[in-house]
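*Asks:* Questions regarding the structure given below will be posed in turn.
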Amino acid sequence: MNGEVAPTKTHRDENFPVASRLIAARHRPAVLAFYYFVRGADDIADSPDLRPQERLDGLDRFEAALLGKRDDVSAARPLRAVLAERHLTPRHAQDLLDAFRMDAVKQRYANFDELMHYCSLSAAPVGRFVLDVHGESQITWAANDALCSALQIINHIQDCGADYRNLDRVYIPLDLLARHEAEVAELGASRASTSLLAALHDLAARTELLARKGAELPRQLRDLRLGLETAVIARLARKLVAMLLRHDPLHERVHLTKPGFLACMLFGAGTGLIERGRYTRPAQATRDA
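Here our numbering is used: the sequence shown runs in plain steps of one and ends on residue 289.
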């Protein structure tokens, strides 16, 4: 095995914009290089055709290629070039590889703290890399981490049935299931029981708090275009959480339609512009004085 498997999806298949035209053209290739490296590694971690040790070996090859110790992983070459050209750390990509190593061997999460630790490796580094590409301050990391974690858990709730059936992987915290008297095996049903649905809605409510904190990110950013993109992403997160609080992800596909996605983009970008104007005008007035 050469350390790669056939990709399962592209950046256009995600719940949220990846390197959209809202961000500056000079930054999009770097973001896409990171995305395709991560996507390739994630596909190894999730491959049903590989044994756990084969997944770990494949992820080790990805890391070695990222660090320039080998050159037989094509998905690593563009990102390695970006890191060298822009003098960026490989740490964010390495954190994601550590998350995928967890995926290769770990199938259950005992509580919300364990899940948040996973998100600190599997989600937060994605946003941190984008922030580094744009030269943003680490002061923005707290809001970034909350928003990225919200997006990750949204995906976990959306795909909880498929993750259980296809990978025997459960991201819904076990203590949360127990609190609502739900069993893991219920995730294999075509419709959530009352107890399971209560647990999923409970997790969605916690995720809404993360999304609210993440909504602070756009106005913390210096780059206008990145601020607009993150405003769109924050709006998408809030919308998806609201849907998950009302619907059953085992019985329904809780995703936005194309018109709904477009509406969120327009509303998010518009709100982002208004909020940036509201928070920058006083500063401008102070300088003018």
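Glycine included, C-beta positions come from ideal geometry on N, C-alpha and C.
Are the CB atoms of leucine 244 and alanine 185 within a distance shorter than 8 Å?
*Replies:* Not a contact, by the Cβ cut-off of 8 Å.
*Asks:* Sorted by chain position, which residues of the same chain lie with C-beta nearer than 8 Å to arginine 238's C-beta, five sequence neighbours on each side aside?
*Replies:* Correct list, in chain order: Glu208, Ala211, Arg212 and Ala215.
*Asks:* I need the straight-line Cα distance from tyrosine 164 to leucine 174, nearest angstrom please.
*Replies:* Roughly 13 Å between the two C-alpha positions.
*Asks:* Quick one: what's got a C-beta closer than 8 Å to tyrosine 109's C-beta in the same chain, skipping five residues either side?
*Replies:* Excluding residues within five positions, the ones whose Cβ falls inside 8 Å are Leu115, Tyr118, Val170, Tyr171, Ile172, Pro173 and Leu174.
*Asks:* Under three-state DSSP, which class holds valine 170?
*Replies:* In this structure, valine 170 counts as strand in the three-state DSSP scheme.
*Asks:* Rounding to the nearest angstrom, what Cα-Cα distance links histidine 296 and alanine 123 in this structure?
*Replies:* Outside the displayed range of the chain (1 to 289) lies residue 296, so it cannot be described from this structure.
*Asks:* If you draw a straight line from the C-alpha of glutamine 94 to the C-alpha of glutamate 63, how long is it?
*Replies:* Each residue's alpha carbon lies about 7 Å from the other.
*Asks:* Identify every residue that forms a DSSP beta bridge with arginine 290.
*Replies:* For the chain, the structure presents residues 1 to 289; residue 290 sits outside this window and is missing.
*Asks:* Count the other CB atoms within 10 Å of the CB of histidine 87; is the residue buried (16 or more) or exposed (fewer)?
*Replies:* The residue in question, histidine 87, is exposed, as its Cβ has fewer than 16 Cβ neighbours within 10 Å.
*Asks:* Please report the distance separating the alpha-carbon of threonine 140 from that of leucine 147.
*Replies:* Approximately 11 Å, taken between the alpha carbons.
*Asks:* When burial is assigned at 16 or more other CB atoms within 10 Å of the CB, is glycine 58 buried or exposed?
*Replies:* Buried.
*Asks:* Would alanine 30 and leucine 97 qualify as a contact pair, given that the criterion is a beta-carbon distance under 8 Å?
*Replies:* No, the Cβ-Cβ distance between alanine 30 and leucine 97 is not below 8 Å.
*Asks:* Threonine 140 by DSSP, collapsed to three states: which one?
*Replies:* The answer is helix: DSSP assigns threonine 140 an H, G or I state.
*Asks:* Short check: CB of histidine 251 to CB of arginine 179, under 8 Å?
*Replies:* Cβ distance not < 8 Å, so histidine 251 and arginine 179 don't count as in contact.
*Asks:* How about leucine 217 and alanine 234: do their beta carbons lie closer than 8 Å?
*Replies:* A contact, by the Cβ cut-off of 8 Å.
*Asks:* Let me check understanding here. Comparing Cα to Cα, which of Ala198, Asn166 and His92 lies closest to aspartate 49?
*Replies:* The candidate whose alpha carbon is nearest that of aspartate 49 is Asn166.
*Asks:* Can phenylalanine 37 and phenylalanine 129 be called in contact, C-beta distance under 8 Å?
*Replies:* Their beta carbons are not under 8 Å apart, which means phenylalanine 37 does not touch phenylalanine 129 by this criterion.
*Asks:* Go ahead and label threonine 230 buried or exposed: buried means 16 or more other beta carbons lie within 10 angstroms of its beta carbon, across all protein chains shown.
*Replies:* The residue in question, threonine 230, is buried, as its Cβ has 16 or more Cβ neighbours within 10 Å.
*Asks:* Just list the alpha helix (DSSP H) runs in the stretch 66-134, keeping only unbroken ones of 4 residues or longer that don't cross its boundaries, in chain order.
*Replies:* Runs of the alpha helix (DSSP H) inside the stretch 66-134: 77-86, 91-105, 112-122 and 124-133.
*Asks:* Just to confirm the assignment, what range does the alpha helix (DSSP H) spanning proline 29 have?
*Replies:* Looking at the DSSP string, the run of the alpha helix (DSSP H) that includes proline 29 is 28-46.
*Asks:* Take phenylalanine 112 and list the residues in its own chain whose beta-carbon comes closer than 6 Å to its own, dropping the five residues that flank it on each side.
*Replies:* Result list for phenylalanine 112: Pro173, in chain order.
*Asks:* What number of angstroms, rounded off, separates the C-alpha of proline 282 from the C-alpha of proline 249?
*Replies:* Because proline 282 sits at a pLDDT of 40, beneath the cut-off of 50, its placement in the model cannot be relied upon, and the following sentence gives the value as read from the coordinates. In a straight line, the C-alpha of proline 282 is about 44 Å away from that of proline 249.
*Asks:* Does DSSP put isoleucine 154 in a helix, in a strand, or in coil?
*Replies:* Here isoleucine 154 sits in helix by DSSP.
*Asks:* Three-state secondary structure (DSSP) at aspartate 223?
*Replies:* Correct three-state label for aspartate 223: coil.
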